[in-house]
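Peer 1:
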Amino acid sequence: MSIEIRNADPSEYRAAVDVVSTAFLDRPDLDALAAAVSSTWEAARTWIALDGTAVVGVFRSWPTELTVPGGATVAAAAVGPVTVLPTHRRRGILRALAAADDRATRERGETFALLHASEFGIYGRYGYGPATRATDWTIRTEAAGGVHGGASGAVELVPPRDTATKATLKSVFDAWRVRQPGEVARRELNWDLDLGIEAQPWGRRWNGWVAIHRDEAGGVDGYARYTAESEDHDLLPAGTLKVDELIALTDAANVALLRYLMDVDLVRTVKLENRPESDRLRWLVRNGRAVGNAPSWDSVWARPFDVRAALEARSYERESRLVLEVVDDGAGGGRSSLALDAGPDGARCAPTDRSPDVTLPVAAIGAAYLGGTRLRDITLATGADEHRAGALAEADALFRTGAEPFCSTHF
Ligand SMILES: CC(C)(COP(=O)(O)OP(=O)(O)OC[C@H]1O[C@@H](n2cnc3c(N)ncnc32)[C@H](O)[C@@H]1OP(=O)(O)O)[C@@H](O)C(=O)NCCC(=O)NCCS
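As structure tokens, this is what we get:
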């Protein structure tokens, strides 16, 4: 039976969310979910697979910006959800949906596509590489013995659903995200769900607290969004405070907000979810052994669509001149050679007919581009051809960054 791939009409969104929730093993209120997505899904970015008139697969994206090393931002497509009905799996429907979306992404001129993968093995074949990691941290507050550093500014609780609160958080986040390679611009919907202004179509409405930090001059330079579970053990308080987000523009704001969260009465455990692996929590508290982290996971997978523009957009911590041959089966011709002349002041990258130093699959570039995944590591999985001894090590050193890329935004 032939499968048709095309853009969805908004009248098909209910059928599409039915497919999405079935593939993700969930049974939400489909009418509510269809109503919620109708204002955010763009038909031209929503691909469906049809078996006859029945929707059996969905692949969609929304437009965002990705911050790259050095602080520039590039246009990107944030992909999700991607689903095929269990009755139609492993017949090439995802492959066909991805091909349609790839063509559209190239036509729109977006430099990257980004996604969170439900399983590790799915997206490498489509040119995506695991580019950022994340972990959940736990602090046992009594054992931690407090936070280093003196007090500064003031912490204030603000009503989460107020328009002014959303505006304040957005301005702090927008100042922060352009400093943080790997972070993306958020949609209005992210804020409305995160602050409980809108109910989560997939679950409960967020219902917690927002603390902001003001510097000595009264300006807001950080915030924390959190919920809590109250509990007693043997008549002693043993509550858990779950920090959904802590964003700080300064070290002082970070320390002040952390101290506030750890000092809340009746709390014995603070959990900070979806944080960088390089978070300095262990060094901020007096007893580093009171801080632990869960196994980390691959967070954002990045797929460069315009490798030349991507390589020119970021900055590099070292100087190097390399000819990279990029293998991208999705691009016309499949292989292209780029002469990259890169350093701390920027990069020039241009097509060349010089012989390459190293041949790399586009997925390896996607993984290593933000500086978090080592090129020498990802190429163990993707493969690479070194044509000059030492060229892979040079490329590995060139792509690395001292700071970890990180994306705090769910999509
Ligand atoms: C993952 C999913 C979208 C795959 O759809 P599909 O139509 O079965 O995929 P295809 O038949 O087009 O497979 C394309 C390739 O991906 C591989 N593949 C598909 N799903 C895979 C998985 N979960 N793990 C590893 N490889 C996978 C196939 O083996 C095939 O490989 P090949 O090209 O080498 O033959 C579908 O199974 C699904 O909806 N799963 C549940 C929801 C989910 O996890 N979605 C992904 C969200 S990020």
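When you read off a place in the sequence shown, starting at 1, and then add 3, the result is the number in this note's numbering.
From the three backbone atoms N, C-alpha and C, an ideal C-beta is built for every residue, glycine too.
Here the structure is a predicted model, which is why all the values come from computation and not from measurement.
1. On the DSSP bridge assignment, give the partners of Asn257 in chain order.
2. Tell me whether Gly124, by its Cβ, gets closer than 7 Å to a heavy atom of ligand 1.
3. Count the other CB atoms within 10 Å of the CB of Asn257; is the residue buried (16 or more) or exposed (fewer)?
4. Residue range of the beta strand (DSSP E) that Arg30 falls in?
5. Is there at least one non-hydrogen atom of ligand 2 closer than 7 Å to the beta-carbon of Thr86?
6. Would Ala79 and Glu113 qualify as a contact pair, given that the criterion is a beta-carbon distance under 8 Å?
7. Are the CB atoms of Gly405 and Gly130 within a distance shorter than 8 Å?
8. Quick one, which of Ile215, Asp360 and Arg98 has its alpha-carbon nearest Val175's?
9. Following the continuous alpha helix (DSSP H) through Thr144, name the residue where it begins and the one where it ends.
10. If Leu88 and Thr25 are in contact, beta carbons under 8 Å, what's the gap, nearest whole angstrom?
11. In angstroms, rounded to a whole number, what distance separates the CA positions of Val61 and Ala154?
12. Can you list, in chain order, the residues of its chain with a C-beta nearer than 6 Å to that of Val161? Leave out the 5 residues immediately preceding and following it.
13. Could you confirm whether any beta carbon from chain C is found closer than 8 Å to the beta carbon of Phe123?
14. Within 10 Å of its beta-carbon, does Leu238 have 16 or more other beta-carbons around it, so buried, or fewer, so exposed?
15. Roughly how many angstroms separate the alpha carbons of Ala75 and Glu234, rounded to a whole number?
16. Taking all protein chains shown into account, decide if Ser411 is buried (16 or more other Cβ within 10 angstroms of its Cβ) or exposed.
17. Please identify the residue among Thr144, Leu53, Trp194 and Glu145 whose C-alpha is closest to the C-alpha of Asp165.
18. With a threshold of 7 Å, establish whether the CB of Ala26 neighbours any heavy atom of ligand 1.
19. Given a cut-off of 8 Å on the beta-carbon distance, is the pair Leu341 and Ala353 in contact?
20. Pick from Ser358, Asp218 and Thr272: whose alpha carbon is nearest that of Asp254?
21. DSSP on Asp356, reduced to helix/strand/coil?
22. Span of the alpha helix (DSSP H) holding Glu315?
23. Of all the alpha helix (DSSP H) runs that stay within the bounds of the region 319 to 372, which reach a length of 4 or more residues?
24. With contact counted as at least three CB pairs below 8 Å, one residue from each stretch, are the region 355 to 372 and the region 316 to 336 in contact?
25. Alpha carbons only, please: which of Ala57, Trp205, Thr385 and Pro307 is nearest the one belonging to Val71?
26. Going by the C-beta, is Gly95 closer than 7 Å to any heavy atom of ligand 1?
27. Measure from the alpha carbon of Glu397 to the alpha carbon of each residue in Arg324, Pro13, Pro359 and Pro184, then state which is nearest.
28. Thinking C-alpha only, which one of Ile8, Val187 and Ala18 is nearest Ala305?
Peer 2: Per the coordinate set shown:
1. Residue 257 sits at position 254 when you count from the first residue of the sequence shown. DSSP output for Asn257 lists no bridge partner at all.
2. Counting from 1 along the sequence shown, the entry for residue 124 is found at position 121. Checking every heavy atom of ligand 1 against the Cβ of Gly124, one is found closer than 7 Å.
3. The residue labelled residue 257 in the question sits at position 254 within the sequence shown. Burial call: buried.
4. On the sequence shown, residue 30 is found 27 positions in, with the first residue counted as 1. First-last for Arg30: undefined, no H or E at that position.
5. Inclusion of ligand 2 in the displayed structure is not the case, the ligand content consisting of ligand 1 alone.
6. By one-based count along the sequence shown, residue 79 stands at place 76. By one-based count along the sequence shown, residue 113 stands at place 110. Contact: yes.
7. Taking the first residue of the sequence shown as 1, we reach residue 130 at position 127. Taking the first residue of the sequence shown as 1, we reach residue 405 at position 402. No.
8. Position 172 of the sequence shown, counting from 1, holds the residue named residue 175. Looking at the Cα atoms, Ile215 is the closest of the given residues.
9. In the sequence shown, the residue the question calls residue 144 occupies position 141. Start and end: Thr144 to Ala147.
10. Here residue 88 corresponds to residue number 85 of the sequence shown, with the count starting at 1. Here residue 25 corresponds to residue number 22 of the sequence shown, with the count starting at 1. That pair is a contact at about 6 Å.
11. Here the question's residue 61 lines up with position 58 in the sequence shown. Here the question's residue 154 lines up with position 151 in the sequence shown. So the two alpha carbons sit approximately 50 Å from each other.
12. Numbered from 1 along the sequence shown, position 158 holds the residue referred to as residue 161. Excluding sequence neighbours, Val161 sits near Thr168, Val213 and Ile215.
13. The structure shown has no chain C; it contains just one protein chain.
14. Translated into positions along the sequence shown, residue 238 becomes position 235. Label assigned to Leu238: exposed.
15. Indexing the sequence shown from 1 puts residue 75 at position 72. Indexing the sequence shown from 1 puts residue 234 at position 231. So the alpha carbons of these two residues sit roughly 45 Å apart.
16. Start at 1 with the first residue of the sequence shown, and residue 411 comes out as number 408. Classification of Ser411: buried, given that the 10 Å Cβ count is 16 or more.
17. Here residue 165 corresponds to residue number 162 of the sequence shown, with the count starting at 1. Per the Cα distances, Trp194.
18. Taking the first residue of the sequence shown as 1, we reach residue 26 at position 23. Correct: Ala26 has its Cβ closer than 7 Å to ligand 1.
19. Within the sequence shown, residue 341 is the residue found at index 338, counting from 1. Within the sequence shown, residue 353 is the residue found at index 350, counting from 1. Yes, Cβ-Cβ distance for Leu341 and Ala353 is below 8 Å.
20. Residue mapping note: residue 254 aligns to position 251 of the sequence shown, counting from 1. Checked all of Ser358, Asp218 and Thr272; the closest Cα to Asp254 is Asp218.
21. As a first step, residue 356 is located in the sequence shown; it is residue number 353 there, counting from the start. Three-state DSSP puts Asp356 in coil, outside helix and strand.
22. The residue you call residue 315 lines up with position 312 of the sequence shown. Where Glu315 is concerned, the enclosing alpha helix (DSSP H) stretches over Val310 to Ala316.
23. 365 to 371
24. yes
25. Numbered from its first residue, the sequence shown carries residue 71 at position 68. Considering only alpha carbons, the answer is Pro307.
26. As a first step, residue 95 is located in the sequence shown; it is residue number 92 there, counting from the start. Yes, Cβ of Gly95 sits closer than 7 Å to a heavy atom of ligand 1.
27. Taking the first residue of the sequence shown as 1, we reach residue 397 at position 394. Comparing Cα positions, the closest option is Arg324.
28. One-based indexing of the sequence shown puts residue 305 at position 302. Checking every option, the nearest Cα to that of Ala305 belongs to Val187.
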